[in-house]
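K.L.:
Number of protein chains: 2
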Amino acid sequence: MSKLCASFGVTVRQLREAQGWSQEILAEKAQLNRSYVGEVERGKVIPSLITLDKLASALGLKISDLLAQCERHRGQQAVYKLNLASIAC
Amino acid sequence: MSKLCASFGVTVRQLREAQGWSQEILAEKAQLNRSYVGEVERGKVIPSLITLDKLASALGLKISDLLAQCERHRGQQAVYKLNLASIAC
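Going line by line, the protein sequences match chains C and R. Counting from 1 along the first sequence, just add 10 to a position and that's the residue number in the numbering used here. Counting from 1 along the second sequence, just add 10 to a position and that's the residue number in the numbering used here.
1. What residues of chain C sit near lysine 72 of chain R, judged by a beta carbon separation below 8 Å?
2. Closer than 8 Å by beta-carbon distance: list the chain C residues that pair up with leucine 14 of chain R, in chain order.
3. Beta-carbon within less than 7 Å of arginine 52 of chain R's beta-carbon, same chain only, minus the 5 sequence neighbours each way: which residues are those?
4. Within a Cβ cutoff of 7 Å, which residues of the same chain sit near aspartate 63 of chain C, ignoring the five residues on either side of it in sequence?
5. Going by the CB atoms, is the gap between cysteine 15 of chain R and leucine 59 of chain C shorter than 9 Å?
6. Can you tell me whether serine 17 of chain R is buried or exposed? The criterion is at least 16 other CB atoms within 10 Å of its CB, across all chains shown.
7. Can you have a look at valine 89 of chain R and say buried or exposed, based on whether 16 or more other CB atoms are within 10 angstroms of its CB?
8. Among R:Ala28, R:Ile56, R:Val55, which residue has its Cα nearest to the Cα of glycine 70 of chain R?
9. Please check if any C-beta of chain R sits within less than 9 Å of the C-beta of isoleucine 35 of chain C.
10. Starting from arginine 52 of chain C, trace the alpha helix (DSSP H) both ways and give me its first and last residue.
11. For isoleucine 56 of chain R, which residues in chain C fall below 8 Å Cβ to Cβ?
12. My output table needs one value for serine 74 of chain C: the three-state DSSP class, helix, strand or coil.
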């Protein structure tokens, strides 16, 4: 699965854990299946726009804010890899 | 299909037209099928996170910026309907 889905999954997990919620609680609030939330967090599925909306609403965010956090995570990952590459050179 | 997908479709169409692009041009830039882009614009399909990424990149936007524009369109639609309702009362 894509790096974007992986970053999105990490973002959702971080936001869920920041609330002190289990996957079950987030799934219930988002009206999604618990195992599907687990797959989203592990970047194993490609979420749809409707899923993004449900997760954002459950987390008290706009979809654009949730994606902005995901984009920041992607940016940090890119810098981290660049740093590792510069150490290796 | 959901109002969210309809608003997203209108947003994509407006951004495409602002560039003076045909659906064919946007589809080519986004590496998507032309008829699929048409369905997205008419709100007939639920786009995935990967499709959002492809369309945003083609339009020179972050996914979060594309969705922020979609959310503004949804907000405007809600105000418009409220105004129509107040005229009708």
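The C-beta atom is built at its ideal place from N, Cα and C for all residues, glycine as well.
P.N.:
By the coordinates alone:
1. Stepping through the second sequence from its first residue, residue 72 of chain R is reached at position 62. Leu77, Ala78, Glu81, listed in chain order.
2. As a first step, residue 14 of chain R must be located in the second sequence, where it is residue number 4. Per Cβ cutoff of 8 Å: Leu59, Ile60, Asp63.
3. Counting from one through the second sequence, the residue named residue 52 of chain R turns up at place 42. Cβ within range, chain order: Gly19.
4. The residue labelled residue 63 of chain C in the question sits at position 53 within the first sequence. Taken in chain order, the residues that qualify are Ile73.
5. By 1-based counting over the first sequence, the position of residue 59 of chain C is 49. By 1-based counting over the second sequence, the position of residue 15 of chain R is 5. The answer is yes: Cβ separation under 9 Å.
6. Position 7 of the second sequence, counting from 1, holds the residue named residue 17 of chain R. It counts as buried.
7. If you number the second sequence from 1, residue 89 of chain R lands on position 79. Valine 89 of chain R comes out exposed.
8. Residue 70 of chain R sits at position 60 when you count from the first residue of the second sequence. When only C-alpha atoms are compared, the closest one is R:Ala28.
9. Here residue 35 of chain C is taken as the residue at index 25 of the first sequence, counted from 1. For isoleucine 35 of chain C, the answer is no, since every Cβ of chain R falls outside 9 Å of its Cβ.
10. To locate residue 52 of chain C, count along the first sequence from 1; it is residue 42. No alpha helix (DSSP H) contains arginine 52 of chain C, which DSSP labels as neither H nor E.
11. Residue numbering aside, residue 56 of chain R sits at position 46 when the second sequence is read from its first letter. Residues of chain C passing the Cβ test: Ser58, Leu59, Ile60.
12. Position 64 of the first sequence, counted from the start, is the residue given in the question as residue 74 of chain C. Correct three-state label for serine 74 of chain C: helix.
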